[in-house]
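Student: Following this message is one structure expressed as structure tokens.
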Amino acid sequence: MTTMQRAEAAEHAMSEELDRIVVKSVIYTSGERDPRVPVPRPPNQGKLHLMGHDPRLPKMPDKPTLFDFFRYRFGPSAHLLQSARLAQKSGAGEKVVLACLLHDIAIAGFIRSDHGYWSAQLLEPYVDEEVSWAVRYHQALRFFADEAAGYKYPEMYVKLFGADYVPDPHIQAAHGYAREHKWYMTSRLITVNDLYSFDPDAKVELEEFTDIVGRNFKQPKEGLGFDSSPSAHMWRTINWPTRYL
Ligand SMILES: [Fe+2]
Ligand SMILES: [Fe+2]
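Last residue of the sequence shown: 275 (my numbering), numbering continuous.
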């Protein structure tokens, strides 16, 4: 067996312990496996397919809040919390602090590729347009220095992508557009506070931002995912990532 086949066999063994059949979305495995090849199905054994909560995950409240997603579905959020605190310490306004707190939520809990766009889309119905705009364009602005604003091209990107990495044409175009926009500095301030080399000992609690989130994030009373906003389905997918349909 190849490594991939072994991993799939182990996964089947695990999913067989579940009461329901779980079939992963193509996007979760595309690349690791060829998406054109049919996904191997666990033997049916008369089981039903999973259509709700995945018992391998902590159950979310029926009306989940933004903080519930941080607690139950997002990966470690020290990077987001420390960026937000840094922005706050430097005297940035609440919109910038909120944007820093949420700028990478797609990486934390959804999809890494094109994360600025996904993060912005998740947030759009719930925050001021300037905040989601800034989150969207931080993705492109991260690749371009603006030393007058206090932003150098990250050393980390040289390590991660190589010294000769050139951003794609659509990212260059997005940078050019954002640079001329009235909200440029809001997005630029995300990049200024977007640190990779944060202090691992600095503990920042989510609760420090309760008031800022309370004032600037329109938490739907039905819970994120259940309010029929244009991004509700995305929050539901984070809540229930393995539903069959
Ligand atoms: Fe980012
Ligand atoms: Fe970031």
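Where a beta carbon is used, it is the ideal one built from N, C-alpha and C, also for glycine.
Measure the alpha-carbon distance for E238 versus L131 and round it to whole angstroms.
Tutor: Looking up residue 238 in the sequence shown gives position 208. Looking up residue 131 in the sequence shown gives position 101. C-alpha separation (whole angstroms): 11 Å.
Student: Who are I51's beta bridge partners in DSSP?
Tutor: The residue labelled residue 51 in the question sits at position 21 within the sequence shown. Paired residue(s): H79.
Student: I need the DSSP call for Y181, collapsed to helix, strand or coil.
Tutor: As a working mapping, residue 181 is identified with position 151 in the sequence shown. Y181: strand per DSSP, three-state reduction.
Student: For a minimum of 4 consecutive residues, which ranges assigned as the alpha helix (DSSP H) are wholly contained in the stretch 112-169?
Tutor: Listed in chain order, the complete alpha helix (DSSP H) runs (minimum 4 residues) inside the stretch 112-169 are 124-132, 135-139 and 145-153.
Student: I'd like to confirm the pairing. Which residues does DSSP put opposite D176 in its beta bridges?
Tutor: Sequence index remark: in the sequence shown, residue 176 carries index 146 (1-based). D176 pairs with Y181.
Student: Following the continuous alpha helix (DSSP H) through Y102, name the residue where it begins and the one where it ends.
Tutor: Translated into positions along the sequence shown, residue 102 becomes position 72. From DSSP, the alpha helix (DSSP H) with Y102 extends over L96 to Y102.
Student: What residues does ligand 1 have around it, judged by CB closer than 7 Å to any heavy atom, in chain order?
Tutor: Result: H133, D134, I137, H145, G146, H168, Q169, R172 and D224.
Student: Using C-beta distances below 7 Å, list every residue in its chain close to A278, excluding the 5 sequence neighbours before and after it, in chain order.
Tutor: Lying outside 31 to 275, the shown extent of the chain, residue 278 is not represented and no answer is given.
Student: Less than 7 Å between the CB of S113 and some heavy atom of ligand 2, yes or no?
Tutor: As a first step, residue 113 is located in the sequence shown; it is residue number 83 there, counting from the start. Yes, the Cβ of S113 comes within 7 Å of a heavy atom of ligand 2.
Student: Considering only heavy atoms of ligand 2, does any lie closer than 7 Å to the CB of H205?
Tutor: By one-based count along the sequence shown, residue 205 stands at place 175. No, Cβ of H205 sits at least 7 Å from all heavy atoms of ligand 2.
Student: Between which two residues does the alpha helix (DSSP H) carrying L219 extend?
Tutor: Along the sequence shown, one-based indexing puts residue 219 at 189. Start and end: Y214 to N223.
Student: Which partner residues of S60 appear in the DSSP bridge assignment?
Tutor: Against the sequence shown, residue 60 aligns to sequence position 30. Answer is R63.
Student: To the nearest angstrom, report how far apart K212 and Q118 are at their CA atoms.
Tutor: Translated into the one-based positions of the sequence shown, residue 212 becomes position 182. Translated into the one-based positions of the sequence shown, residue 118 becomes position 88. If I take the Cα positions, the gap works out to 22 Å.
Student: Is the separation between the beta-carbon of R209 and that of Y181 shorter than 8 Å?
Tutor: Residue numbering aside, residue 209 sits at position 179 when the sequence shown is read from its first letter. Residue numbering aside, residue 181 sits at position 151 when the sequence shown is read from its first letter. It is not a contact, given that the beta carbons lie outside the stated cut-off.
Student: Could you give the DSSP three-state label for H211: helix, strand or coil?
Tutor: Stepping through the sequence shown from its first residue, residue 211 is reached at position 181. Looking at H211 - three-state DSSP - the assignment turns out to be coil, as it is neither helix nor strand.
Student: Taking a contact to mean a Cβ-Cβ separation below 8 Å, would you say R103 touches G146 in this structure?
Tutor: Working through the sequence shown from its first residue, we reach residue 103 at position 73. Working through the sequence shown from its first residue, we reach residue 146 at position 116. Result no, Cβ atoms of R103 and G146 do not sit closer than 8 Å.
Student: For S143 and F100, what's the separation of their Cα atoms in angstroms?
Tutor: Against the sequence shown, residue 143 aligns to sequence position 113. Against the sequence shown, residue 100 aligns to sequence position 70. Cα to Cα, the separation comes out at about 20 Å.
Student: Please return the same chain residues whose Cβ sits closer than 6 Å to the Cβ of Q169, not counting the five positions on each side in sequence.
Tutor: Numbered from its first residue, the sequence shown carries residue 169 at position 139. Closer than 6 Å at the Cβ level, and outside the excluded window around Q169, lie G146.
Student: Within the continuous alpha helix (DSSP H) that includes D241, where are the two ends?
Tutor: Here residue 241 refers to the residue found at position 211 when the sequence shown is read from its first residue. Note, D241: alpha helix (DSSP H), T240 to N246.
Student: Compare the beta carbon distance of P65 and V56 with 8 Å and say whether it is the shorter of the two.
Tutor: By 1-based counting over the sequence shown, the position of residue 65 is 35. By 1-based counting over the sequence shown, the position of residue 56 is 26. Contact flag set, yes.
Student: Would you check if the stretch 153-163 and the stretch 242-261 touch, i.e. whether three or more CB-CB distances between them fall below 8 Å?
Tutor: Touching, yes.
Student: Should R36 go down as buried or exposed, given a rule of 16 or more other Cβ atoms within 10 Å for buried?
Tutor: Here residue 36 refers to the residue found at position 6 of the sequence shown. Looking at its Cβ environment, which holds fewer than 16 other Cβ atoms inside 10 Å, R36 is exposed.
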